[in-house]
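Reviewing the structure listed below.
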């Protein structure tokens with residue numbers, strides 16, 4: 002662990018990163034094979050993730066284990082995602098956007114990190130923000146064309162970083178700040194292991210969404226909520242889910258989803274896919 006932190010993170014996540022880069026979801030996205038319903042689900046999950054991540058960043062912005070990496074004007078995505086949610090889900094989006102069980106799992110983990118191990122936030126910001134900067138503009142253009150979106154960029158604010166003139170130079174600055182953090186070898190090891198966890202959380206999330214979308218495509222008469230209830234041990238109990246503007250029931254955000262999450266996590270190792278925010282760094 003004598004390497005700089007940025008090098009150690011890149012090395013430690015190489016295997017799971019290759020898995021992500023060669024995933025079916027990303028290959029299809031790059032070919033423009035993305036539906037509006039699937040894109041909406043992806044963006045809703047990203048909203049919940051970034052809202053939580055940035056809540057924990059704000060909590061620890063003066064903590065020396067994270068403070069050098071505090072770039073809210075340049076990096077934070079919550080405000081942009083709020084604009085996107087209004088575009089995709091309408092003015093009452095806060096009441097209608099779904100939060101899947103795997104998204105809830107991701108959110109709970111981020112809260113735990115922020116409260117108990119804030120030094121591990123470095124792993125999550127590395128995985129998400131540097132990935133967004135690396136591939137955001139490319140994916141924006143693909144989605145814009147595939148979904149026939151306005152050239153003004155409406156619905157895609159997440160992918161634009163107006164306060165960063167040069168992503169390459171900013172990533173160099175960010176890595177230099179990462180490398181300036183004072184860490185013992187033991188802490189550095191835990192950060193690199195957490196970066197692997199961040200990748201796996203994203204894989205878990207998007208495998209779940211892929212399964213939901215695949216099932217929805219096969220049987221339009223079976224709602225996501227009804228389908229989730231069929232899995233043994235499922236704790237989805239809301240019998241009157243809220244309706245989204247397109248008539249899809251909102252996935253319950255209440256109660257523990259541990260059995261389903263264990264099944265989804267297992268599936269994630271059998272099927273390769275990737276989160277929208279994970280690109281080549």
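Numbering (the working numbering), first residue to last: 2 to 282. Cβ coordinates follow ideal geometry from the N, Cα and C atoms, glycine included. None of the values given here were measured: they were computed from a predicted structure.
What span of residues does the alpha helix (DSSP H) with residue 83 cover, start to end? By one-based count along the chain shown, residue 83 stands at place 82. Here the alpha helix (DSSP H) through residue 83 covers 79 to 90.
Buried/exposed call for residue 58, threshold 16 Cβ in 10 Å: Within the chain shown, the letter at position 57 stands for residue 58. With 16 or more other Cβ atoms inside 10 Å of its own Cβ, residue 58 counts as buried.
Buried or exposed (CB count within 10 angstroms, at least 16 for buried), residue 204: By one-based count along the chain shown, residue 204 stands at place 203. Label assigned to residue 204: buried.
What's the C-alpha gap between residue 11 and residue 206? The residue you call residue 11 lines up with position 10 of the chain shown. The residue you call residue 206 lines up with position 205 of the chain shown. If you take the alpha carbons of residue 11 and residue 206, they lie about 22 Å apart.
Taking residue 140 as the reference, give the member of 4, 8, 20, 33 with the closest Cα. The residue given as residue 140 occupies position 139 in the chain shown. Comparing alpha carbon positions, the residue from 4, 8, 20, 33 closest to residue 140 is 33.
DSSP three-state label for residue 35, please. By one-based count along the chain shown, residue 35 stands at place 34. In the three-state scheme derived from DSSP, where H, G and I count as helix and E and B as strand, residue 35 is classed as coil.
Judging by CA-CA distance, which residue of 185, 70, 13 is the nearest neighbour of residue 171? On the chain shown, residue 171 is found 170 positions in, with the first residue counted as 1. Per the Cα distances, 70.
What does a CB cutoff of less than 7 Å around residue 14 pick up in its chain, not counting 5 residues either side in sequence? The count along the chain shown starts at 1 and reaches residue 14 at position 13. A distance below 7 Å between beta-carbons, with the five flanking residues on each side excluded, links residue 14 to the following residues of its chain, in chain order: 196, 197, 200.
Which of the three DSSP states is assigned to residue 184 in this structure? Reading the chain shown from its first residue, position 183 is the one you call residue 184. Residue 184 falls in the coil class under three-state DSSP.
Got a sec? Which residues, its chain only, sit under 7 Å from residue 160 by beta carbon, not counting five neighbours each side? Here the question's residue 160 lines up with position 159 in the chain shown. Counting only Cβ-Cβ distances below 7 Å, and skipping sequence neighbours, we find 137, 138, 140, 141.
Check the Cβ-Cβ distances between residue 176 and every residue of chain D, and say whether any is below 8 Å. Annotation note: the requested chain D is absent from the structure, which comprises a single protein chain.
Between which two residues does the alpha helix (DSSP H) carrying residue 132 extend? Sequence index remark: in the chain shown, residue 132 carries index 131 (1-based). Taken as a continuous stretch (DSSP letters only), the alpha helix (DSSP H) holding residue 132 covers 122 to 147.
Taking the Cβ atom as the reference point for each residue, do residue 123 and residue 192 lie within a distance shorter than 8 Å? Residue 123 sits at position 122 when you count from the first residue of the chain shown. Residue 192 sits at position 191 when you count from the first residue of the chain shown. Result yes, Cβ atoms of residue 123 and residue 192 sit closer than 8 Å.
Using 10 angstroms around the beta-carbon of residue 166, count the other beta-carbons present and answer buried if the total reaches 16, otherwise exposed. Within the chain shown, residue 166 is the residue found at index 165, counting from 1. Counting C-beta atoms within 10 angstroms of its own C-beta, residue 166 has fewer than 16 neighbours from the protein chains shown and is therefore classed as exposed.
Secondary structure of residue 165, DSSP reduced to three states: As a first step, residue 165 must be located in the chain shown, where it is residue number 164. The answer is coil: DSSP assigns residue 165 none of H, G, I, E or B.
Could you please give the first and the last residue of the uninterrupted alpha helix (DSSP H) stretch that includes residue 104? The count along the chain shown starts at 1 and reaches residue 104 at position 103. Start and end: 102 to 117.
Drop a sphere of 10 angstroms on the beta-carbon of residue 68, count the other beta-carbons inside from all chains shown, and report buried for 16 or more, exposed for fewer. Looking up residue 68 in the chain shown gives position 67. Sixteen is the threshold: since fewer than 16 other Cβ atoms of the shown chains lie within 10 Å of the Cβ of residue 68, the residue is exposed.
State the CB to CB distance for the pair residue 94 and residue 156, rounded to an integer number of angstroms; the pair is presumed to be in contact (CB under 8 Å). For the purposes of this step, residue 94 is taken as residue 93 along the chain shown, with counting starting at 1. For the purposes of this step, residue 156 is taken as residue 155 along the chain shown, with counting starting at 1. Between residue 94 and residue 156, the beta carbon gap of about 12 Å keeps them out of contact (Cβ cut-off 8 Å).
Quick one: measure Cβ to Cβ for residue 158 and residue 81, integer angstroms, because I've assumed they're closer than 8 Å. In the chain shown, residue 158 corresponds to position 157, counting from 1. In the chain shown, residue 81 corresponds to position 80, counting from 1. Confirmed, Cβ separation roughly 4 Å.
Around the Cβ of residue 77, are there at least 16 other Cβ atoms within 10 angstroms (buried) or fewer (exposed)? As a first step, residue 77 must be located in the chain shown, where it is residue number 76. Buried, since its Cβ has 16 or more Cβ neighbours within 10 Å.
Do you know how far the Cα of residue 178 is from the Cα of residue 31? Against the chain shown, residue 31 aligns to sequence position 30. Against the chain shown, residue 178 aligns to sequence position 177. Each residue's Cα considered, the two are about 32 Å apart.
Which residues in the same chain have their Cβ closer than 7 Å to the Cβ of residue 121, if we skip the five residues on either side of it in sequence? Counted from its first residue, the chain shown places residue 121 at position 120. Cβ-Cβ distances below 7 Å link residue 121 to 114, 191, 192, 195 in the same chain, with the five nearest sequence neighbours on each side left out; the list follows chain order.
Drop a sphere of 10 angstroms on the beta-carbon of residue 7, count the other beta-carbons inside from all chains shown, and report buried for 16 or more, exposed for fewer. For the purposes of this step, residue 7 is taken as residue 6 along the chain shown, with counting starting at 1. Taking all protein chains shown into account, residue 7 has 16 or more neighbouring C-beta atoms within 10 Å of its C-beta and is therefore buried.
In its own chain, which residues sit with a C-beta less than 7 Å from the C-beta of residue 110, not counting the 5 before and 5 after it? As a position in the chain shown, residue 110 is number 109, starting the count at 1. For residue 110, where only same-chain residues beyond five positions count, the Cβ hits under 7 Å are 202.
Cut-off 6 Å between Cβ atoms - residues of its own chain near residue 55, not counting five sequence neighbours on either side: If you number the chain shown from 1, residue 55 lands on position 54. Excluding residues within five positions, the ones whose Cβ falls inside 6 Å are 77, 79.
Candidates 41, 152, 62, of which the one nearest residue 99 by Cα: As a working mapping, residue 99 is identified with position 98 in the chain shown. Measuring from the Cα of residue 99, the nearest candidate turns out to be 41.
Restricting to Cα atoms, I'd like to know which of 133, 64, 146 is closest to residue 117. Here residue 117 refers to the residue found at position 116 of the chain shown. Each of 133, 64, 146 was checked against the Cα of residue 117, and the nearest Cα belongs to 64.
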